[in-house]
Amino acid sequence: MKEFNCPELASNWLKAGKILLHPTEGLWGIGCIVDSTAINLLSNLKRRNNKKGYIILVPNLEDVRRLFQLKPKYFPTLHNIWPGPVTVIMKTKKNSLSLVSDDNNNVAVRVSDHYHLKNLLTFLGQPMISTSANISGEQNIFDLDDIRNTFNDPNVALFNKPLGKTKKASTIIDIESMQIIRK
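In the working numbering, the protein residues as written are 2 to 184.
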């Protein structure tokens, strides 16, 4: 499996429509750019239904403001939880990210505080979709060798940087209702 230690090279791999295993605050993730061919490849590798949502990773709050429909009253909440291991369900702007939004234009978004992931996203210069690096419906995989074996494919590379300290999936909240979807 191809491996990158440099965020610029890893971002170029993603821009070529390939799949990247990457560290997050707590779990290994697997992701791609918002592109139908790349998303189909990712879904096939994970044995996942394309209709099931993915998380959108962006490097900062400015990108969130640019890409998503947010009422100003939500900004203080977002400033308190981001960057960090919290994913927020929110509305995307019309036709923006339509490949990964639901029928109501909702998407799951996170601004990570993982140093290396933020660098990768900055070099990428566009949103990245991500999910846990496991087969859909199966337990999370923490061992990097097991992850390499599970996703051993010429279209998959590894951004080989350390995981964060959280050791669990991100919390998910709905910004409109402030309901916790996953703790």
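Every residue gets a Cβ at the ideal spot worked out from N, C-alpha and C, and that includes glycine.
The structure presented is a predicted model; accordingly, all values stated were derived computationally and were not measured.
Can you tell me the Cα-Cα spacing of residue i and residue j, whole angstroms?
i	j	result
valine 112	isoleucine 182	17 Å
valine 108	glycine 54	7 Å
asparagine 50	phenylalanine 143	23 Å
leucine 15	leucine 22	10 Å
phenylalanine 5	glutamine 70	34 Å
arginine 149	proline 155	11 Å
leucine 159	proline 73	38 Å
isoleucine 82	threonine 132	20 Å
methionine 129	cysteine 7	17 Å
lysine 162	leucine 145	11 Å
glutamate 139	methionine 179	28 Å
Between the Cα of residue i and those of the options, spot the shortest distance and give me the residue it belongs to.
i	options	result
valine 65	Gln140, Asp103, Met91, Arg49	Met91
glycine 30	Ser102, Thr123, His80, Gly165	Gly165
lysine 94	Gly27, Asp103, Ile173	Asp103
glycine 126	Thr25, Leu22, Glu4, Arg67	Arg67
leucine 28	Asn153, Asn135, His80	Asn135
My output table needs one value for residue i: the three-state DSSP class, helix, strand or coil.
i	result
valine 65	helix
asparagine 107	strand
leucine 145	helix
alanine 158	strand
serine 133	strand
threonine 172	strand
lysine 119	helix
glutamate 9	helix
Any heavy atom of the ligand SAM closer than 8 Å to the CB of residue i?
i	result
leucine 10	Only the bare structure without any ligand can be found here, which leaves the ligand SAM out of the picture.
Hey, does residue i have any beta-carbon neighbour from chain D nearer than 9 Å?
i	result
serine 133	As a matter of chain content, chain D is missing from the structure shown, which is built from one protein chain.
Give me whichever residues DSSP pairs with residue i in a beta bridge.
i	result
asparagine 177	Rather than asparagine, the amino acid found at residue 177 in this sequence is glutamate. Answer is none; glutamate 177 lacks a bridge partner.
glutamate 4	Leu159
valine 112	Val59
Check: Quick one: complete beta strand (DSSP E) runs, 3+ long, within the stretch 17-98?
Finding: Within the stretch 17-98, the complete beta strand (DSSP E) runs of at least 3 residues are 20-24, 29-34, 56-59, 87-93.
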